[in-house]
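Enquirer:
Residue numbers (the working numbering): 12 to 767.
#1: On a CA-only basis, which of 564, 172 and 690 is nearest residue 119? Give me that one, please.
#2: Measuring CA to CA, which of 154, 670, 164 and 175 is closest to residue 187?
#3: Less than 8 Å between the C-beta atoms of residue 364 and residue 310, yes or no?
#4: Mapping DSSP to helix, strand and coil, what is residue 339?
#5: At a cut of 8 Å, does the stretch 101-110 reach the stretch 146-161 through at least three beta carbon pairs?
#6: DSSP state of residue 697, grouped into three classes?
#7: Quick one: what does DSSP say residue 753 is sitting in, helix, strand or coil?
#8: How would you call residue 763, buried or exposed, if buried means at least 16 neighbouring beta carbons within 10 angstroms?
#9: Quick check on DSSP: helix, strand or coil for residue 456?
#10: Span of the beta strand (DSSP E) holding residue 303?
#11: Does the distance from the CB of residue 391 to the CB of residue 438 come in under 8 Å?
#12: Out of 326, 354 and 219, which one is the CA nearest neighbour of residue 268?
#13: Does DSSP classify residue 166 as helix, strand or coil?
#14: Is it buried or exposed for residue 502, if we count other Cβ within 10 angstroms and need 16 for buried?
#15: So, are the CB atoms of residue 54 and residue 409 less than 8 Å apart?
#16: Can you tell me whether residue 683 is buried or exposed, with buried defined as 16 or more other CB within 10 angstroms of its CB?
#17: Measuring straight from C-alpha to C-alpha, what distance separates residue 758 and residue 655?
#18: Whose CA, out of 384, 519 and 637, lies closest to the CA of residue 590?
#19: Determine which residues share a DSSP beta bridge with residue 399 and list them.
#20: Who are residue 58's beta bridge partners in DSSP?
#21: Got a sec? Which residues, its chain only, sit under 8 Å from residue 472 by beta carbon, not counting five neighbours each side?
#22: With respect to the alpha helix (DSSP H) encompassing residue 161, which residues constitute its N-terminal and C-terminal limits?
#23: Hey, how far is the Cα of residue 708 from the Cα of residue 212?
#24: Looking at residue 692 and residue 632, is the spacing between their C-beta atoms short of 8 Å?
#25: According to DSSP, is residue 241 part of a helix, a strand, or is it coil?
#26: Specify, as a first and last residue, the run of the alpha helix (DSSP H) that residue 6 falls within.
#27: Is it true that the stretch 549-558 meets the stretch 737-757, where meeting means three or more beta-carbon pairs spaced less than 8 Å apart?
#28: Would DSSP call residue 293 helix, strand or coil?
#29: Cα separation between residue 238 and residue 176?
#30: I think residue 629 touches residue 690, with their Cβ atoms under 8 Å apart; what is that distance to the nearest whole Å?
#31: Would you please state the rounded distance, in angstroms, between the beta carbons of residue 446 and residue 380? I believe it to be under 8 Å.
#32: On the three-state DSSP scale, how would you describe residue 176?
#33: May I have the straight-line CA-CA distance separating residue 350 from residue 85, to the nearest angstrom?
#34: Helix, strand or coil for residue 758? Go by DSSP, reduced to three states.
#35: Measuring CB to CB, does residue 602 end up less than 8 Å from residue 523?
#36: Compare the beta carbon distance of residue 185 and residue 157 with 8 Å and say whether it is the shorter of the two.
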């Protein structure tokens, strides 16, 4: 008996019992099915000479678990429309893998393609100009000129000029030379060549932009002259300014002036106006001989876009977030009428297009919530742009007339699915739609002149695009075929008199139910932020949990984006109470309706969702059988001194008015508030077994937060399992780490929900 037990331990290095080992094996095989489904990262539409034909180019990705990175592919399709006849799509037989490619950017005419290959292990950055038959030009840029190009979602800006002779882009400034030493001491002459008889010292420490933007301290603007191959830094940009989201201004009527419009971030974001890179709040500038602020006094301007005729410059603003200290808030849209021959001394006025919506009426437009914008978001009339925005618990596609300010929802009104725009050509929109139980499906939209919507406008018709991408998702759809999707409206529990009208409005929960849901376990899923949202789109991790036979209750508590500004601003200063009560109210709602079994409930969340998870198992310890937390905020009084966003700690715990009193060295009163509002204040009441998943390189919520909570829980006799992913940041999204974190979560939930 003892010998067989030892043999089993050898075969199971994780120390599992036989049942857990079987569960681990079966769930890992199941998780692989979800991992195999490719993701559409971006797309472009190119019009041909034939009005009925266009070509779509898709950039898709797929996790490569063996290499522990993402494979990137390009896939083409010819789309043919025949009036009222069904859409025809002719796909390339196989995708083309883009090995070591960081970005691809088509030129305005679609006749050329920029391929960016960022340097690896000291090699040079390669910029390739590709035409329809071959590589026309290749430019190698040494690291002494600049670092890798930025291809992230925020700072990235790669822009061709109208004539396709120049490309502007954002990249890291070259590193400052480090001091050199040898056995005789300091060397005054510094050679770039390696020397075994000397070593490099350390330069002055310089702050970067924190989590996700680690090692990005000085995003800078460079311009490539395609004909000569010359690369140079743009003139007139202050060294203290970080730059992103660059676009070329239209050619001037004189033809002599070449202008760049970009977003600039100043470094003095620290407490009391000190130099520190806290968060990211933008303002627009123009690069001529000197950078000029086009939006003085606004505090925030993002995603500048020129209309196709060059007469309008439109941009989003997050001024409400800047003014209140919330890390996300309701956006507004603005317009500048752009002169054909603008002079630097000429003052430009900013007009409001879509203002902040404070308290939306039931069923009406709740405001703009846009995390990105297409590089070309315009329909053919030059004044209508198309955006993807959060609308309560869904993502929708909006058209906005930037002259009148009229906002129209053009994705289906009666759909609980989420819709997102991929590309636009003329008056045709390429998009994807999905739900938590239905992987992304490509759609092709156009206005039908013969059909009107309920407001008398030409209705949009969305054709389904058959694609080879659906083959991988057919297995997933089969696994989820017995699940149903609904969006529940949850009344605010016991609203106080001091709440704003918006703060009293019902919030929502996305409910993914199994067949016979009342007999199945339920997982309560909580988003981070807190000012973000869980939308009704496909998520590999949520779909995996649903496939294990769990109901999913995904709560968008008050403070979530998509419900108007008053509802969002009702949360700062009340975290750990209002948001906790909203989560319990959502759970009470589905229990009262007989939809779930109250004795079989798990809870999981990341970041602020982990904050709520650990709060709930402490404040309502009898209601949860098991829990998992990914990089959770467990102790604000510890986090404030270690995070890259200490201002966030003040805003959520003390309210937005306290910002003027915030400091790098919190007062005893503030530290007391931080502790009182933290989950660790309720740790003595925790009963549920907890799985703690931590990223070792997390700068947002450093691992010390989760480790302190886990150690304290163990000290008090609680059951806790901690898994550390040493190279992961806040999101835990390196392919193997992502795979293992949700696999362990599935096994953990199965074990304890069976026991309950």
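We put the CB at the ideal spot given by N, CA and C, even for glycine.
Expert: In brief:
#1: Of all alpha-carbon atoms in 564, 172 and 690, the one lying nearest the alpha-carbon of residue 119 is that of 172.
#2: 154
#3: no
#4: coil
#5: Taking 8 Å as the limit for Cβ pairs, the verdict is that the stretch 146-161 does not touch the stretch 101-110.
#6: In the three-state reduction of the DSSP assignment, residue 697 falls in the coil class.
#7: helix
#8: buried
#9: strand
#10: 302-304
#11: One thing to note: residue 391 has its Cβ within 8 Å of the Cβ of residue 438.
#12: 354
#13: coil
#14: exposed
#15: Not a contact, by the Cβ cut-off of 8 Å.
#16: By the neighbour-count rule (16 or more Cβ atoms within 10 Å), residue 683 is not buried but exposed.
#17: 33 Å
#18: 519
#19: DSSP links residue 399 through a beta bridge to 408.
#20: Under DSSP, residue 58 forms a beta bridge with 65.
#21: 456, 457, 458, 459 and 462
#22: Counting along the chain, residue 161 falls outside any alpha helix (DSSP H), and DSSP gives it neither H nor E.
#23: 24 Å
#24: no
#25: strand
#26: It is not possible to answer for residue 6, since the shown part of the chain is limited to 12 through 767.
#27: Yes: at least three Cβ pairs fall under 8 Å.
#28: Reliability of the predicted coordinates at residue 293 is poor, the pLDDT of 42 falling under 50, and no value is obtained from them.
#29: 7 Å
#30: 6 Å
#31: That belief does not hold up - the Cβ atoms of residue 446 and residue 380 are roughly 19 Å apart, past 8 Å.
#32: coil
#33: 39 Å
#34: Judged by DSSP in its simplified three-state form, residue 758 adopts helix.
#35: no
#36: yes
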